[in-house]
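Residue numbers (our numbering), protein chains in the order written: chain V, 236 to 394; chain Y, -18 to 259.
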C-alpha cells in the first residue's frame, strides 16, 4: 500500500501549523489525533448534531464533514481551545455554568461555538434568533431551555 | 494507510484530467460526499480531487443579461448575496433552508446539484429560474438546461472528467417562494419541497417545480399554464392549481414519508406559496 500522507499547512488557533493527514481524514479527526485538541466531539459523524463545530475563517462548520487535506495555507481554523482567553467565549461559558445548561456536556463545545457566532453577529438575539442559531446543534439530554437561557444571559451581560 | 489518492487541483483543466480516471471524484464542501464515503458507498473510490481551492468557481457575477453563480458558492454565500436576494428570492430561500448554519457554510450549490438527490433543495429553485448548467471538461464546455441535467437519483449527465463550473440565470426580477416539509422546521431533509417563481413582462409568468415526489425534480407545466391563462387568480384558481400539482406528483413511500402524504402536501405547499405571492 502506498504511503499517501498529505502535508498541509493552515492557521490553527492563531498559529501557522503543519501536519500530515490521510486523504479521508476529517478536520475533526485531525484536531483530535494530530493536535490533541479534544473539545470538538464526534456525535453523529454526518453533520446532524453540531458537536464537532469549529470556526473555519470565522464561520462555524461541521468539522466532521470537512476533509483536512482540503485546508489551504490561508485557512484559519479555531476550535473552542482557541477561545480560551476570549472574553465573549468566557462570558458564554460562564452563563452556561450558571444556568445549569450542561448535563452530559458532549454537545456543549458545539453549542458554545454556535452561540459565539450568534452573539458576534447579533448582540441582542431574541428567542427565535437563538433557536435558529442553535438549530444545527443537538442536545440529547433535552436541555435546550437552559441552553437558550444561557445564551440570553450571556447576551444581556454584554450590554 | 489509505488507497485513495488526493489531488489538490490548481486549475480547472488539471482537475478535469484527474477526474477522467475511473474511481476519481471531485470534492468541495464535502458535506454529502464525506458522509457517503464513511458509509462505504464508494467501495471503488480511488482518488479525491479537491476543487475547493479553484477561486474562479467561488463567485457570483453578472455577465450582460445573465447572472453566473459559480458551482463552489456555498449555501450561505448564495443566501446572503444582495443581487440574488433582489432578483431570485426563490433560490435564496431554498439555499437558506439547506441543513443548518454549519452545513450551509460548507455545502456548495454545485455539490447539491451534482449529488442529484431528489430532495436537493436548490434544484427545484434552479428549475423554476430555468437555469443552465455550465459544464467544463477535457473535451470542451457544454451548457445543459437544468431540467435535462438529471437522469435518476444520484445520476446526472456529467461524464468522467467533467465538473460543473456554474449556473447561469437570466437577469430578470422574479418573485418566488420555496417551501419544504421535513421532520422538523430546521435542519431536515425534505419529505417534499416546492419552488415557485413568477415574473411579469407584460403578462404574468409562473414556474412551479417540486422535489422528493419523483426520481428527479418535477416541473409542473400544466399548473403553470393554468395559472398563466387564468382570468382571475382567486382562491378557486389557487385551489384548482393545487389539485393539478397534487395530481402531477408521483411520489413513493420511503423512510422519510408516504406516497399519500407527499401527494396531498404537494397541493398544500403550492396553495401556501401562491397565497404568499398573489
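From the three backbone atoms N, C-alpha and C, an ideal C-beta is built for every residue, glycine too.
Please compile the residues from chain Y whose C-beta is within a distance smaller than 7 Å of the C-beta of residue i.
i                      : result
residue 261 of chain V : 15
residue 241 of chain V : -13
residue 295 of chain V : 82, 83, 86
residue 280 of chain V : 19
residue 288 of chain V : 83
With H, G and I counted as helix, E and B as strand and the rest as coil, what does DSSP make of residue i?
i                      : result
residue 184 of chain Y : coil
residue 89 of chain Y  : strand
residue 305 of chain V : helix
residue 236 of chain V : Per-residue confidence for residue 236 of chain V stands at a pLDDT of 45, beneath the threshold of 50, marking its modelled position as unreliable; the derived number appears in the next sentence. Looking at residue 236 of chain V - three-state DSSP - the assignment turns out to be coil, as it is neither helix nor strand.
residue 252 of chain Y : helix
residue 23 of chain Y  : coil
residue 81 of chain Y  : coil
residue 275 of chain V : coil
residue 130 of chain Y : coil
residue 270 of chain V : coil
residue 393 of chain V : helix
residue 125 of chain Y : strand
residue 246 of chain V : strand
residue 243 of chain Y : helix
residue 70 of chain Y  : helix
Does the distance from the CB of residue i to the CB of residue j come in under 8 Å?
i                      : j                      : result
residue 199 of chain Y : residue 230 of chain Y : yes
residue 302 of chain V : residue 11 of chain Y  : yes
residue 252 of chain Y : residue 225 of chain Y : no
residue 278 of chain V : residue 373 of chain V : yes
residue 444 of chain V : residue 290 of chain V : Since the first and last residues shown for chain V are 236 and 394, residue 444 of chain V lies out of range.
residue 124 of chain Y : residue 130 of chain Y : no
residue 257 of chain V : residue 239 of chain V : yes
residue 223 of chain Y : residue 208 of chain Y : no
residue 242 of chain V : residue 255 of chain V : yes
residue 32 of chain Y  : residue 259 of chain V : no
residue 169 of chain Y : residue 75 of chain Y  : no
residue 272 of chain V : residue 333 of chain V : no
residue 41 of chain Y  : residue 149 of chain Y : no
residue 144 of chain Y : residue -4 of chain Y  : yes
residue 142 of chain Y : residue 118 of chain Y : yes
residue 382 of chain V : residue 336 of chain V : yes
residue 247 of chain Y : residue 371 of chain V : no
Given residue i, which residues of its chain have a CB within under 6 Å of its CB, disregarding the five upstream and five downstream residues?
i                      : result
residue 318 of chain V : 324
residue 201 of chain Y : 189, 226, 229
residue 389 of chain V : 326, 327, 330
residue 165 of chain Y : none
residue 267 of chain V : 273
Going by Cα to Cα distance, which pick from the options is closest to residue i?
i                      : options                    : result
residue 60 of chain Y  : Y:68, Y:189, Y:72          : Y:72
residue 134 of chain Y : Y:109, Y:150, Y:116, Y:104 : Y:104
residue 178 of chain Y : Y:147, Y:167, Y:107        : Y:107
residue 153 of chain Y : Y:186, Y:88, Y:237, Y:143  : Y:186
residue 321 of chain V : V:240, V:249, V:342, V:311 : V:249
residue 197 of chain Y : Y:204, Y:14, Y:174         : Y:174
residue 96 of chain Y  : Y:112, Y:249, Y:132, Y:118 : Y:132
residue 296 of chain V : V:340, V:251, V:344        : V:344
residue 77 of chain Y  : Y:115, Y:44, Y:158, Y:127  : Y:158
residue 126 of chain Y : Y:66, Y:79, Y:115          : Y:115
residue 184 of chain Y : Y:211, Y:58, Y:167         : Y:211
residue 38 of chain Y  : Y:58, Y:243, Y:65          : Y:58
Output needed for residue i: all residues of its chain with C-beta closer than 8 Å, excluding positions within five of it in sequence on either side, in chain order.
i                      : result
residue -8 of chain Y  : 35
residue 195 of chain Y : 99, 230, 231, 232
residue 236 of chain V : With a pLDDT of 45 at residue 236 of chain V, under the threshold of 50, the predicted position of this residue should be treated as unreliable, and no value is reported.
residue 6 of chain Y   : 0, 14, 23, 26, 28, 29, 30
residue 292 of chain V : 310, 311
Under 9 Å Cβ-Cβ, which residues of chain V neighbour residue i?
i                     : result
residue 29 of chain Y : 258, 259, 302, 304, 305
Using C-beta distances below 7 Å, list every residue in its chain close to residue i, excluding the 5 sequence neighbours before and after it, in chain order.
i                      : result
residue 171 of chain Y : 100, 102, 161, 162, 163, 192, 193
residue 240 of chain Y : 232, 233, 234
residue 245 of chain Y : 227
residue 89 of chain Y  : 9, 10, 52, 53, 54, 55
residue 263 of chain V : 275, 277, 287, 298, 299
residue 206 of chain Y : none
residue 254 of chain Y : 158, 160, 175, 177
Say the cut is 7 Å; is the CB of residue i nearer than that to a heavy atom of the ligand MG?
i                      : result
residue 196 of chain Y : Within the structure as shown, the ligand MG is missing, as the structure has no ligands at all.
Taking C-beta pairs closer than 9 Å, name the residues in chain Y that residue i reaches, listed in chain order.
i                      : result
residue 194 of chain V : Since the first residue of chain V shown is 236 and the last is 394, residue 194 of chain V is not available in this structure.
residue 249 of chain V : In chain order: nothing, as chain Y lies at least about 20 Å away.
Please list the partners that residue i has in chain V, where partner means a Cβ-to-Cβ separation under 7 Å.
i                      : result
residue 18 of chain Y  : 259
residue 109 of chain Y : The premise fails here: residue 109 of chain Y is roughly 26 Å from chain V at the closest Cβ pair, so nothing lies under 7 Å.
residue -17 of chain Y : 239, 257, 258, 259
Just the chain B side, please: which residues come within less than 7 Å of residue i by C-beta, in chain order?
i                     : result
residue 33 of chain Y : Among the chains of the structure shown, chain B does not appear; the protein chains present are V and Y.
Could you name the residues of chain Y that residue i contacts, counting a contact when the two beta carbons are closer than 8 Å?
i                      : result
residue 368 of chain V : 82
residue 317 of chain V : Near residue 317 of chain V there are no residues of chain Y at all, since even the closest Cβ is about 17 Å away, more than 8 Å.
residue 285 of chain V : 81, 83
Since residue i meets chain V, which of its residues come closer than 8 Å, beta carbon to beta carbon?
i                     : result
residue 8 of chain Y  : 302, 305
residue 12 of chain Y : 282, 297, 300
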